[in-house]
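Residue numbers (the working numbering): 239 to 452.
Backbone N, C-alpha and C fix where the C-beta goes; we use that ideal spot for every residue, glycine too.
Working notes, structure below.
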């Protein structure tokens, strides 16, 4: 069972806690405001009311024991920066921190954040990508410029094999699975024939995806 520490129980922290709890994860939440932690389901979450900008407080949480630490303080950048720095000093394995501007991202990365979350930007980017592109149904961002996209095959692909299209070299994308009738099937065969009623899960650079779907 993976373990997570969520610092800051605003909108992002609450939604993250809800989603992680659905996966039977071990979760600890922490916030300086008692009102923000009192309604959390104590059966699946350990709650602490504390000031995480205090090094001594963070030491008592055992941050080095969690698989991932999330700093979900959206409206007070100084606190987010201080906590990120302290988590790194105390041996946190992986740190996600929130930012609203690129300059904040730079400081957070320098302070030890492994990944940066832009809550509003990321949601809007996902909606725009899905709604504006003709062939994209969903996507998951896995790095700054790389994502897994669910796309439908282009008409010119139908009836042809991956080998015939020289797919990887031509499009600089990797097919990792195909989706048929809602079921995901891992992809291993270069002789796979593209079908009109199936979706593809492809991994690649966002710019390469955009070249074929717009």
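Q) Where do the ends of the alpha helix (DSSP H) carrying residue 322 lie? A) Within the chain shown, residue 322 is the residue found at index 84, counting from 1. Element bounds for residue 322: 315 to 327.
(Q) What ranges does the beta strand (DSSP E) occupy inside the region 324 to 357, keeping only unbroken runs of at least 3 residues that lie completely in it? (A) 333 to 336, 353 to 355
Q. Any idea what DSSP makes of residue 245, helix, strand or coil?
A. The sequence position of residue 245 within the chain shown is 7, counting from 1. Residue state, collapsed to three classes: strand.
Q: Pull up the CB-CB distance for residue 415 and residue 422, whole angstroms please, since I reckon it's below 8 angstroms.
A: As a first step, residue 415 must be located in the chain shown, where it is residue number 177. As a first step, residue 422 must be located in the chain shown, where it is residue number 184. Their Cβ separation, rounded to whole angstroms, is 5 angstroms, which keeps residue 415 and residue 422 in contact under 8 angstroms.
Q | residue 298 - containing alpha helix (DSSP H), residue span | A | Taking the first residue of the chain shown as position 1, residue 298 is located at position 60. First-last of the alpha helix (DSSP H) with residue 298: 293 to 299.
Q) What residues in its chain sit with their C-beta under 6 angstroms from that of residue 241, if we drop five residues either side in the sequence? A) Stepping through the chain shown from its first residue, residue 241 is reached at position 3. Result list for residue 241: 264, 304, 305, in chain order.
Q.
Run through the DSSP bridge pairs and tell me what residue 252 is partnered with.
A. Along the chain shown, one-based indexing puts residue 252 at 14. In DSSP, residue 252 forms no bridge with anything.
Q. Per DSSP, which one or two residues make a beta bridge with residue 413?
A. Within the chain shown, the letter at position 175 stands for residue 413. Residue 413 is bridged to 440.
Q: Thinking residue 437 and residue 402 are a contact (beta carbons under 8 angstroms), I'd like their distance in whole angstroms, please.
A: Translated into the one-based positions of the chain shown, residue 437 becomes position 199. Translated into the one-based positions of the chain shown, residue 402 becomes position 164. With 8 angstroms as the limit, residue 437 and residue 402 do not qualify as a contact, their Cβ atoms being about 20 angstroms apart.
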